[in-house]
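Read through the structure below, which is laid out as structure tokens, and then see the notes.
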Amino acid sequence: MFDAFRTPDNVLVVGGSSDIGLEIAKALAKRGSSNFLLAGRNIDQMASCANDISSSSKSRCQVAVVHYDASHENSHGHLLAAAKDELKTLDYAIFAVGLLGDQLNDEKDPAKTKEILDINFTTQAMAILEVANYMKEQGFGHIVVISSVAGVRVRRSNFIYGAAKAGLDGFSMALGDALAGSGVGVTVVRPGFVKTKMTAHLSAAPLSTNAEAVAKATLKATDAEKSSVYVPFAIGIVAGIYRHLPRKIARRVPF
Amino acid sequence: MGVGNQTSFGGTNDDTLSFNGEAQRNVMTNELISGWGRTQWVRSQIERASTSEEVRDLVQSGQKRLIPRGLGRSYGDAAQLSGGISLLLDEPSTDPIITDGRTTLSAGYSLDNLLRRIVPKGYFVPVTPGTRYVTLGGALASDIHGKNHHLEGTFSRHIESFAIVTPTGTHLVTENSDPDLFNATAGGMGLTGIVTDMTMKLIPIESAYIKMETSRLRDLDETLATMAGSDHKFRYSVAWIDLMARGSAMGRSVLTRGDHALKADLSPQLAQDPFKYEAKALADAPSFIPNGLLNNLTVRAFNELWFRKAPSYRADEVSTIAAFFHPLDMVGKWNRIYGKKGFLQYQFVLPDGKEEVLREIIERLSGLQVASFLAVLKRFGPENDAFLSFPKPGWTLALDIPITNAEIGNLLDELDRMVLLAGGRIYLAKDSRMSKEVFEEMYPKLDRFKEVKARVDPNNVITSDIATRLSIC
Ligand SMILES: Cc1cc2nc3c(=O)[nH]c(=O)nc-3n(C[C@H](O)[C@H](O)[C@H](O)COP(=O)(O)OP(=O)(O)OC[C@H]3O[C@@H](n4cnc5c(N)ncnc54)[C@H](O)[C@@H]3O)c2cc1C
Ligand SMILES: NC(=O)c1ccc[n+]([C@@H]2O[C@H](COP(=O)([O-])OP(=O)(O)OC[C@H]3O[C@@H](n4cnc5c(N)ncnc54)[C@H](OP(=O)(O)O)[C@@H]3O)[C@@H](O)[C@H]2O)c1
């Protein structure tokens, strides 16, 4: 259940080893969320995340870990089954799976292209729907989807990933519309460049931020039941302008 | 069923739900509902029943989980069940029959309706909360207290018997016939079953007025000393504390105390029609309030004005019942003024002898400078045997807090700990945020409650969001 401050009791993190997912979970634990389920591939990494979450918690807190590989068949079904088993109610679900890929190589490899699209979009859309339908039955819940500014206007430099994020973003925003009045909310989070293990090999882009800042902005947005939020705030303005630039000019902007 | 817009279904976001029960019967509605604080919105299936047979069919079919709901005046998530059924009892339009000062009524009866019908006949309810828009079922389930708790105890002490539908049977319960079920149901937040009817002892009155005394008290010391010293001389007593006042004025208050006016206390004009009962809602609060309207400055100005307006001492003033007991009911739907995120009410009790803890909590709250209008301070008398009943002898303070940021939640958690350590507790009917651990420690008779719950509802068919949140059952 949620309390009056919209702090959930039970939290599902899909992409349980994600840096951003971890920071959101820690921030919730600090506020009093007491049960977490981390779903992901890397059990060791998730075990260490579980420790981090417990030690951030302000009271008693339990963290469970379940194996979830988005590329496996019916992973969404297993995910929901695990959530039902481990959590008394499914209050708050964070979707933080992401695969950046390597654009210049991936665009020559249809199998790689498919993987990037599947992991960032198709399998997540299925998992999100599974959770959304369950929450709808339940009568309440909140879904957080980590999208990206990369999906606001898809760029040459990462158009496979960007297109998948654009799909995920549109899907999630409209799902939020579909759920209006159902007691279930959806918040789409659009970070710019975040220093995490996904981007460790890259040099930071302008307006870069960190996972704690993303977590803080996410909670603020879900507290206010906002449908979307840019992190940092300024990247939203940049994205808003960039998205309307004539294509000829946009093509020449160097990022 | 003669329910005006006011007594209509408190917690839905849809005004069209102020419906007439007859017209809507058999229409299944699925609505977004919340408590009075408008914080935890959930979808629930709204069902209505007008007879105990209808209630029994619904409860004992065991098809779907459910919780009874009255007028939705509990602040948090007590009267709702997400994904299940929230069951409302229709309010009958029958006139209460009073014999020997007792009356047997449907639990769906509202205090508003009841007062309109009994005050003109020279009777009053034994306990009334600060609003008359509550049902008798809700009053029993929260085991409510009024301004007379220091002398006359809670609502359930004036209930001789009640009929309850549980998943395992239908019972007529008195405190002697089944003390466990009686004491689990009074204050049991609807979790033992659906109370359909109850027999209540009314009190006779000589007029529809209150003879009232008002004192303006300059700080907390004076407030506490005055109340502890002379509350016992008055049937009704409550102090309104200005939480925005700091420094030497901290804890300043306006104390109003009174008794039912005798006929001889009335002016010749009022004495012509001593039982004339008027209780009107003047207007609804606007549904849209610009953010920030309720900021510290406006609240401080309001509190200042209100404090100065009160006489430093005035006795023998005559007030109407509505103005004395239910001043907030003058504005309909005032819970909307706190905006989209809603608000909570923090109410705790501290035992006698823990005045220093009370002082510290008031200091912390006024230091917080949340935009809170006024806090209500009152003295409680003896504790009763009901397992989850709130009052115990000492001081209770209640204040509204708008939901702004989660930091306030942390402060309240700290205050919970102070209350717990001092042997006090938090009121379930107002709660929307305490932790399970704190709840368990504050209510040591929870185990006894759970035993009864397991007897009458072994499969947990009757449950609610607060029951899940606090692991009550
Ligand atoms: C402005 C205001 C002032 C208040 N002042 C006071 C006060 O001075 N003292 C005080 O004690 N409280 C006070 N309250 C709280 C209020 O009295 C309680 O919350 C009361 O329970 C509300 O009654 P309701 O009919 O709205 O019930 P709801 O809020 O709808 O339900 C409350 C509980 O009662 C249960 N319930 C409802 N009907 C039945 C039934 N037929 N059988 C079994 N269980 C049932 C529900 O399941 C729920 O757990 C105040 C509230 C407001 C908004
Ligand atoms: N970092 C940024 O600059 C940035 C910017 C905008 C948006 N985002 C988005 O933010 C989210 C979180 O990313 P992050 O920055 O926190 O990076 P991260 O730590 O690398 O997190 C990505 C997560 O996705 C998981 N994942 C990848 N493929 C998976 C699969 N097949 N099955 C299950 N899990 C899989 C990873 O699990 P493993 O540990 O098992 O690989 C990892 O937990 C992602 O959606 C990302 O696209 C990031």
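The listed protein sequences correspond, in order, to chains A and B.
Be aware that the first sequence starts at 0, since it is given in numbering that gives the first Met the number 0, and climbs by one per residue.
Be aware that the second sequence starts at 0, since it is given in numbering that gives the first Met the number 0, and climbs by one per residue.
Every residue gets a Cβ at the ideal spot worked out from N, C-alpha and C, and that includes glycine.
Note that the structure is predicted; figures quoted are calculated from it, not measured.
- Per the Cβ contact rule, the region 70-80 of chain A is not in contact with the region 420-432 of chain B (fewer than 3 Cβ pairs under 8 Å).
- Look at the region 49-78 of chain A: the residues with a C-beta under 8 Å from a C-beta of chain B are Lys57, Ser58, Arg59.
- Leaving aside the five residues that flank B:Pro91 on each side, the residues in its chain whose CB is nearer than 6 Å to its CB run, in chain order, Ser105.
- Cβ proximity to chain B below 9 Å picks out Leu218, Lys219, Asp222, Ala223, Glu224 from the region 194-226 of chain A.
- Here B:Met433 carries a coil assignment [DSSP, helix/strand/coil].
- Within chain A, the C-beta atoms nearer than 9 Å to that of B:Glu436 come from Ser58, Arg59, in chain order.
- CA-CA distance, A:Gly184 to A:Ile142, rounds to 6 Å.
- B:Ser73 has its alpha-carbon roughly 12 Å from the corresponding atom of B:Asp142.
- Among the CB atoms of chain B, one or more fall inside 9 Å of the CB of A:Ala3.
- By the neighbour-count criterion, in which a residue is buried when 16 or more other Cβ atoms sit within 10 angstroms of its Cβ, B:Lys279 is exposed.
- For B:Gly366, the enclosing alpha helix (DSSP H) covers residues 354-367.
- The beta carbon of A:Met0 falls within 9 Å of a beta carbon belonging to chain B, placing the residue at that interface.
- When the beta-carbon positions are compared, B:Ile471 and B:Phe438 come within less than 9 Å of each other.
- Neighbourhood of A:Lys87 in chain B, by CB distance below 8 Å: Thr467, in chain order.
- Straight-line spacing of the CA atoms in B:Glu440 and B:Arg416 works out to 10 Å.
- For a cut-off of 8 Å, the C-beta gap from B:Ala385 to B:Gly152 is around 10 Å, too long to register as a contact.
- Along the region 180-195 of chain A, going in chain order, the ones with a CB nearer than 8 Å to a CB of chain B are Gly180, Ser181, Gly182.
- Within chain B, the residues Gly82 have their CB atoms less than 8 Å from the CB of A:Glu136, given in chain order.
- Within chain B, no C-beta atom comes nearer than 7 Å to that of A:Gly97; the closest sits roughly 27 Å away.
- Using a CB distance below 7 Å, the part of the region 26-45 of chain B facing chain A consists of Leu31, Gly36, Thr38, Gln39, Trp40, Val41, Arg42, Ser43, ordered along the chain.
- It is roughly 34 Å from the alpha-carbon of A:Pro231 to the alpha-carbon of B:Asp399.
- A straight line joining the alpha-carbon of B:Ile209 with that of B:Pro273 spans about 11 Å.
- Annotated as distal: A:Lys25 and A:Asp43, with beta-carbon spacing of 9 Å or more.
- Out of B:Ile84, B:Leu387, B:Ile45, the CA that lies nearest to the CA of B:Asp446 is found in B:Leu387.
- Distances taken from the Cβ of A:Val62 to the heavy atoms of ligand 2 include none shorter than 8 Å.
- Each of A:Ala69, A:Leu98, A:Leu89 was checked against the Cα of A:Asp18, and the nearest Cα belongs to A:Leu98.
- Neighbourhood of B:Gly408 in chain A, by CB distance below 9 Å: Asp2, Ala3, Phe4, Thr6, Arg30, Gly31, in chain order.
- Here B:Glu277 is exposed. Its C-beta has fewer than 16 other C-beta atoms within 10 Å.
- Around the Cβ of A:Arg155, a 10 Å sphere holds fewer than 16 other Cβ atoms; the residue is exposed.
- The region 344-359 of chain B makes no contact with the region 298-310 of chain B, as fewer than three CB pairs between them are under 8 Å.
- Assigned with DSSP and collapsed to three states, B:Phe386 falls in coil, not helix or strand.
- The C-beta distance from B:Gln39 to A:Ala3 rounds to 7 Å, short enough to meet the 8 Å contact threshold.
- B:Gly228 and A:Lys57 have their alpha carbons spaced roughly 41 Å apart.
- Taking C-beta atoms under 8 Å as the contact rule, B:Met243 and B:Val330 fail to qualify, at a distance of about 20 Å.
- Contact between A:Lys135 and A:Leu178 holds, with the beta-carbon distance rounding to 7 Å and staying under 8 Å.
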